[in-house]
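Residue numbers (the working numbering): 2 to 367.
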Amino acid sequence: MKSHHIIPLLISLFLFSCSEKTVNHSEHIGHDGMENMVILTKEEIVKANILVDTVRIKNISEQSTLTGTVAVNENQVTIITSRIKGRLERVYVRNTGEYISKGKPLYDIYSEELLADENDYLLAMEQYRDAVTQKETAKQLADGARKKLLQWTITEEQIQELEKTNKPSYTLSFFSNVEGYITELPVREGEYVDIGTLIVKIANPSTVWVEAQVYSDEVKFLKQNPKLSVKFEMCPDKLFNGEIVFDNPVFEINQKVNLVRVKVDNKENKIKPGMMAYIYLKQNDKKTIVIPKSSLLIEKTISVWVQTSHGMYEPRMVTIGIENKMEVEILFGLKEGDLVVTSGAFLLKSEQTVKQGSNSMGGMKM
């Protein structure tokens with residue numbers, strides 16, 4: 002509770018010090034145009050943390066933010082189906098959302114058809130090795146049996162292992178030919194599958210979608226400006242480039258809205274499906290006089306404080322235009338090169354009030 006009494010006391014002491022100093026300066030200057038001026042010493046400037054910035058002409062645009070969610074890029078999903086009829090003896094992935102590397106096993110399957118084809122191949126190879134006459138015919142039979150195994154998507158390494166052991170495999174392992182996240186896994190161990198049964202869907206994470214909903218009047222702007230900036234909750238200080246790839250009108254609570262998808266590169270694989278994302282839209286971009294929003298004092302009128310020379314400050318009424326999170330356009334009241342106060346404007350205003358009374362805006366420059 003003591004801090005509530007100390008802070009007003011410190012401000013009062015500072016204002017008293019500033020007032021005393023201003024009076025002393027005013028005695029020497031004595032101009033009518035100085036009635037709104039506040040004059041501070043170097044020590045007072047430091048104590049009040051008065052900071053200034055140069056008024057510049059630069060580009061500014063209005064900025065709005067859409068909230069979205071990271072989703073899998075459906076254009077980069079690989080669908081893996083069973084190439085053989087049989088029973089799933091083992092499934093190596095358990096849940097959707099799991100990440101699998103290229104070349105890792107996906108599932109083991111037992112198939113009577115495959116077992117029969119392996120036996121046929123081993124028999125054909127034995128006959129080829131033992132053949133004295135009609136060796137070319139035996140070779141053709143062995144090659145045909147080998148091609149039949151390859152049609153089951155058995156790898157060369159697996160066939161070589163079959164030749165080496167000279168024994169058929171009870172189960173056959175199938176491996177992932179891509180890397181990515183499991184997005185769909187409809188099968189479980191022990192299930193019987195047929196040729197064409199969906200085993201798993203894997204999404205390549207090199208790009209992702211950010212899905213957001215916008216009203217129809219915003220869609221026109223998005224189509225005219227397909228390049229966007231996106232931030233994610235896992236790295237809020239980094240800005241990603243995005244590009245509109247899809248919009249789909251739907252109806253929601255009697256209001257027409259659009260589902261918009263923004264494609265974002267994800268080569269570092271840091272962006273995960275389900276994450277919160279923020280899409281930044283820039284509109285009305287133009288080159289104009291711009292100052293930091295921290296400079297504004299918004300009361301009945303909008304004003305700023307300008308440093309006219311070292312230690313001397315005066316208020317200016319301004320008219321503002323478009324603004325974003327950090328900056329604001331100045332339509333009237335400032336010119337390029339002016340030094341505008343960005344920190345400590347409230348204390349300067351308080352000092353002016355002490356000096357002149359509550360009617361401190363009467364002589365303010367326009």
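By construction, the Cβ of each residue, glycine as well, lies at the ideal position given by its N, Cα and C atoms.
- Secondary structure note for aspartate 195: it is in no alpha helix (DSSP H), with a DSSP letter that is neither H nor E.
- Between the stretch 68-79 and the stretch 206-223, the count of Cβ pairs shorter than 8 Å is three or higher; the stretches touch.
- The beta carbons of alanine 132 and alanine 139 sit closer together than 7 Å.
- Here DSSP, grouped into helix, strand and coil, assigns aspartate 131 to helix.
- Per DSSP, the continuous beta strand (DSSP E) segment holding glutamine 64 begins and ends at 57-73.
- Between glutamine 225 and the set Asn285, Tyr93 and Glu234, the nearest pair of CA atoms involves Asn285.
- With a 10 Å radius around the Cβ and a threshold of 16 neighbouring Cβ atoms, aspartate 109 comes out buried.
- In this model, leucine 223 and tyrosine 182 are separated by some 30 Å (Cα to Cα).
- In this structure, threonine 82 places its C-beta atom within 7 Å of the C-beta atom of glycine 197.
- The beta carbon of threonine 343 sits closer than 6 Å to those of Leu52, Asp54, Pro293, Ser295 and Ser296, all from its chain and outside the five residues before and after it, given in chain order.
- The stretch 226-238 and the stretch 269-278 touch, with no fewer than 3 CB-CB distances between them shorter than 8 Å.
- The beta carbons of valine 263 and leucine 229 sit about 6 Å from each other, so the pair counts as a contact at 8 Å.
- Its Cα nearest to that of isoleucine 40, the residue Glu315 stands out among Gly345, Ile323, Ala346 and Glu315.
- Beta-bridge annotation (DSSP): alanine 204 is paired with Val78 and Tyr182.
- According to the DSSP secondary-structure assignment, threonine 309 is paired through a beta bridge with no residue.
- Here the alpha carbons of methionine 277 and alanine 213 stand approximately 10 Å from one another.
- If you check the CB distance, glycine 104 and phenylalanine 175 do not come in under 7 Å.
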